[in-house]
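Chemist: Protein chains in written order, with my numbering: chain Z, 1 to 198; chain L, 1001 to 1549.
The beta-carbon is built from N, C-alpha and C at its ideal position, and this holds for glycine as well.
Please read these numbers as outputs of a predicted model, since none were measured by experiment.
Rendered as structure tokens:
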């Protein structure tokens, strides 16, 4: 991805993040449009550095099953796969990189059982789920799931959570500061106890 | 920050190892009293505006912690087992000026009079190091009050608090939904929820900003300086005296000794790994229960074959982490616990040990939900809910803004075989032996965790949660409260330092941090670490003035 593309995407992302939650919740179609831009970027397989185009397709299909896209943006719109591509080249995730590469190949291999020629990504959703249920207990699944979640919910500076769509998924407002009342129960509670000396 | 600097061959009055909760206080008090002080801090000197809310960097990569810098620690449950890589996160603390007072949650419970004399009141616990402290609450109270007013603590007295000579300097922080729900539960069960004392400013104080409610106290540094770390409270005052140098990026590896058995200074590595040495008339170790131990053991010599100040053999022994157990609940309406400070209400009705329970142990319960989005998504939901797919995604949304955890914090019993030692095989970044933890929970500690977990579950049900789930009660292999490894005492045979924190074996060596604790308290040690530091500083200054060092 060129620097220009990156800054365009980040510009869109920052624009989304600056809005208030109340406004955001009323503007879901707009967010979807924003997510659509991110999706277009995410589809540029040539931009991947540490995942091959085949691995990226498989990872994207896996991520889409972990946090699916529906009326609320999921892992794909959050750019989790781009995050993972970048993360696998960093020292912190270096230890699990071989496991992820091998696990993605294994997913494609297992797709062969369904006579698929296009790998895991070419399977139907039902078939993908069937394979994932079979490997739920394996380390690859746990680590790849965690990567998808980090890519969706980490600070956007790491390349995922585009437009802070991960935080919006949680219903989390996105401000640097908050004032009381914070939640419903303290809002109902009324006046704070006054300061009293011993 | 502009500060006075000292030459290495200039003999300063005190070199202090560690700039955290204790080291920061000791530095400020001693330089204010007119002494020249150099503080050696292994980590960097970050300023408030350098702190971020980056969960990946802070909570997963642990970039501020020792474990992010030096990931390997070894572990075994008994000394007869081989050392293995610690399966948990190990003994954790923050590297950097201000130490763990920068990233902690800032719960500031005082100990109570019973904490200091429990052995006398309850009797011995067979096979343990359960003992009275050589100081009392009455003796320490002026220093607790000093902490309140010097660093800035917000709160209000509770129904069974120990006496205090001055009120809190700052009114309570706002009550949160978690606090309101804990109050509701307490009323239903006939218990008392009280304001949690927090080392966070509820109002501007002493030239510092009030809390802005950013929601990143736990594990993060405060970018507003509203959390009362030593970085934001006493260290700037120490530096402004012109008699204190905070030497960051300086990793102490040996306390230097003369042939006469006195310390002459501390040897350390600078950022580039180059050896340096700071000469001093006296040395104070305030590096936390793990690192103070490592430094003493690494300072072994023919005159001190088992480690410096270790004639008792107790350096590194009796480590206590404080037990913990908890219950989480989901509520009908938003709680939004990700906003604001972490804890606003606590229950201390179960503070004291009660022989009727059949085991030793007491503690307190707080209300919170301090999971970040990543941590929550990875393993924050009840285990019987889907962990991926559309239902998982819906559950994340349903639970993240609607959950509260009631967390119990409690005693751990000092046991000599629970100890920190040097790993003979693994070396850290600098070539120091890695830390090894040998630890097995005392049966009473496991019972206490289970008993308190039952209480948090009852409270959560009484609070009206629509879904209640417990966190598993697990044995300890890791922790952030690093207590008891150089315990205080009057008898050199069963303690490492005396009641003024002077090493029994070395006249001009003092040790004051969590390692000084004799028993664990109920789970929030920093207030007591700082009260001890204020008291120690006063006595050390007195000894220095009267040439008794």
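In or out: residue 1115 of chain L buried (at least 16 other Cβ within 10 Å) or exposed?
Modeler: With 16 or more Cβ atoms within 10 Å of its Cβ, residue 1115 of chain L is classed as buried.
Chemist: For residue 1131 of chain L, go through chain Z and note every residue whose CB falls closer than 9 Å to its CB, in chain order.
Modeler: Those do not exist, as residue 1131 of chain L stays about 30 Å from chain Z at its closest Cβ, beyond 9 Å.
Chemist: Could you tell me which residues DSSP pairs with residue 1320 of chain L in its beta bridges?
Modeler: For residue 1320 of chain L, which the question treats as bridged, DSSP gives the partners L/1483.
Chemist: Let me check understanding here. Comparing Cα to Cα, which of L/1354, L/1325 and L/1399 lies closest to residue 1335 of chain L?
Modeler: With distances taken between Cα atoms, residue 1335 of chain L lies closest to L/1399.
Chemist: Is residue 134 of chain Z close to chain L, meaning its C-beta is less than 8 Å from at least one C-beta of that chain?
Modeler: Judged by the 8 Å Cβ criterion, residue 134 of chain Z is not in contact with chain L.
Chemist: Residues in the same chain with beta-carbon distance under 7 Å from residue 1377 of chain L, minus the five sequence neighbours each way, listed in chain order, please.
Modeler: For residue 1377 of chain L, where only same-chain residues beyond five positions count, the Cβ hits under 7 Å are 1396.
Chemist: Would you kindly work out how many angstroms separate the C-alpha atoms of residue 174 of chain Z and residue 1370 of chain L, rounded to a whole number?
Modeler: C-alpha separation (whole angstroms): 16 Å.
Chemist: Tell me which residues of the segment 1222–1247 of chain L have at least one Cβ-Cβ distance to chain Z shorter than 8 Å, keeping chain order.
Modeler: Cβ contacts with chain Z: none found.
Chemist: Leaving out the 5 sequence neighbours to the left and right, which residues in its chain are closer than 6 Å to residue 1102 of chain L when beta-carbon positions are compared?
Modeler: Around residue 1102 of chain L: 1094, 1221, 1229 and 1231.
Chemist: Taking buried to mean at least 16 other C-beta atoms within 10 Å of its own C-beta, is residue 976 of chain L buried or exposed?
Modeler: The structure shown has nothing for residue 976 of chain L, since chain L only spans 1001 to 1549.
Chemist: Under three-state DSSP, which class holds residue 1423 of chain L?
Modeler: DSSP places residue 1423 of chain L in strand when its eight states are reduced to three.
Chemist: Just reading off the alpha helix (DSSP H) that residue 1490 of chain L is part of, what are its end residues?
Modeler: Residue 1490 of chain L -> no alpha helix (DSSP H), and no H or E assigned at all.
Chemist: So, does the segment 65–73 of chain Z touch the segment 166–181 of chain Z, judging by three or more C-beta pairs under 8 Å?
Modeler: Yes, the segment 65–73 of chain Z touches the segment 166–181 of chain Z.
Chemist: I want to see whether chain Z comes within less than 8 Å of residue 1212 of chain L, judged by CB atoms only; does it?
Modeler: Judged by the 8 Å Cβ criterion, residue 1212 of chain L is in contact with chain Z.
Chemist: Do you know whose CA, among L/1009, L/1533, L/1031 and L/1476, lies nearest residue 1245 of chain L's CA?
Modeler: Out of L/1009, L/1533, L/1031 and L/1476, L/1031 has the C-alpha closest to the C-alpha of residue 1245 of chain L.
Chemist: Alpha carbons only, please: which of L/1082, L/1089, L/1261 and L/1249 is nearest the one belonging to residue 1071 of chain L?
Modeler: The candidate whose alpha carbon is nearest that of residue 1071 of chain L is L/1089.
Chemist: Would you verify that the beta carbon of residue 118 of chain Z is, or is not, closer than 8 Å to some beta carbon of chain L?
Modeler: No - not a single Cβ of chain L is within 8 Å of the one on residue 118 of chain Z.
Chemist: CB-CB under 6 Å to residue 120 of chain Z, same chain, minus the five flanking residues each way: which ones, in chain order?
Modeler: Around residue 120 of chain Z: 58, 61, 107, 108 and 111.
Chemist: Between the beta-carbon of residue 1439 of chain L and the beta-carbon of residue 1105 of chain L, is there less than 8 Å?
Modeler: Not closer than 8 Å, so no.
Chemist: What does the alpha-carbon distance come out to for the pair residue 1249 of chain L and residue 1511 of chain L?
Modeler: Going by the C-alpha atoms only, they are around 21 Å apart.
Chemist: Assign residue 1118 of chain L to one of two classes, buried (16 or more other C-beta atoms within 10 Å of its C-beta) or exposed (fewer than that).
Modeler: Buried.
Chemist: On the three-state DSSP scale, how would you describe residue 1154 of chain L?
Modeler: Strand.
Chemist: Scan the segment 1295–1319 of chain L for residues whose Cβ lies nearer than 8 Å to a Cβ of chain Z and list them as they occur along the chain.
Modeler: Within the segment 1295–1319 of chain L, no residue has a Cβ that lies closer than 8 Å to any Cβ of chain Z.
Chemist: Near residue 1469 of chain L, which residues of its chain fall below 6 Å by C-beta distance, leaving aside the five closest residues on each side in sequence?
Modeler: The residues are 1328 and 1382.
Chemist: Under 8 Å between the Cβ atoms of residue 1189 of chain L and residue 1462 of chain L?
Modeler: Yes. Within cutoff.
Chemist: As a quick exercise: from L/1467, L/1418 and L/1237, pick the residue whose alpha carbon is nearest that of residue 1442 of chain L.
Modeler: Among L/1467, L/1418 and L/1237, the Cα nearest to that of residue 1442 of chain L belongs to L/1418.
Chemist: Can you list, in chain order, the residues of its chain whose CB lies under 8 Å from that of residue 1269 of chain L, leaving out five sequence neighbours each side?
Modeler: 1250, 1251, 1253, 1275, 1276 and 1430.
Chemist: Looking at chain L, which residues of the segment 81–97 of chain Z have a Cβ within less than 8 Å of any of its Cβ atoms?
Modeler: Against chain L - using a Cβ distance shorter than 8 Å - the residues of the segment 81–97 of chain Z are 92.
Chemist: Run through chain L and tell me which residues come within less than 7 Å of residue 122 of chain Z, C-beta to C-beta.
Modeler: Simply none; closest approach about 20 Å.
Chemist: Comparing the C-beta of residue 1010 of chain L with each C-beta of chain Z, is any distance below 8 Å?
Modeler: By this cut-off, residue 1010 of chain L is not an interface position.
Chemist: Where does residue 1409 of chain L sit, in a helix, a strand or coil, going by DSSP?
Modeler: It is a strand residue.
Chemist: Can you pull the chain Z neighbours of residue 1181 of chain L, defined as C-beta to C-beta under 7 Å?
Modeler: In chain order: 185.
Chemist: Looking at C-alpha atoms only, which residue of L/1138, L/1484 and L/1210 is the closest neighbour of residue 1153 of chain L?
Modeler: When only C-alpha atoms are compared, the closest one is L/1210.
Chemist: Note down, in chain order, each residue of its chain lying with its Cβ closer than 7 Å to the Cβ of residue 78 of chain Z, except the 5 sequence neighbours on either side.
Modeler: Excluding sequence neighbours, residue 78 of chain Z sits near 151, 152, 160, 161, 162, 165 and 166.
Chemist: When the Cα atoms are used, what is the spatial distance from residue 1038 of chain L to residue 1363 of chain L?
Modeler: Whole-angstrom Cα-Cα distance: 38 Å.
Chemist: Check whether the segment 1385–1395 of chain L touches the segment 1350–1359 of chain L, counting contact only when three or more Cβ pairs, one atom from each stretch, lie closer than 8 Å.
Modeler: No, they do not touch.
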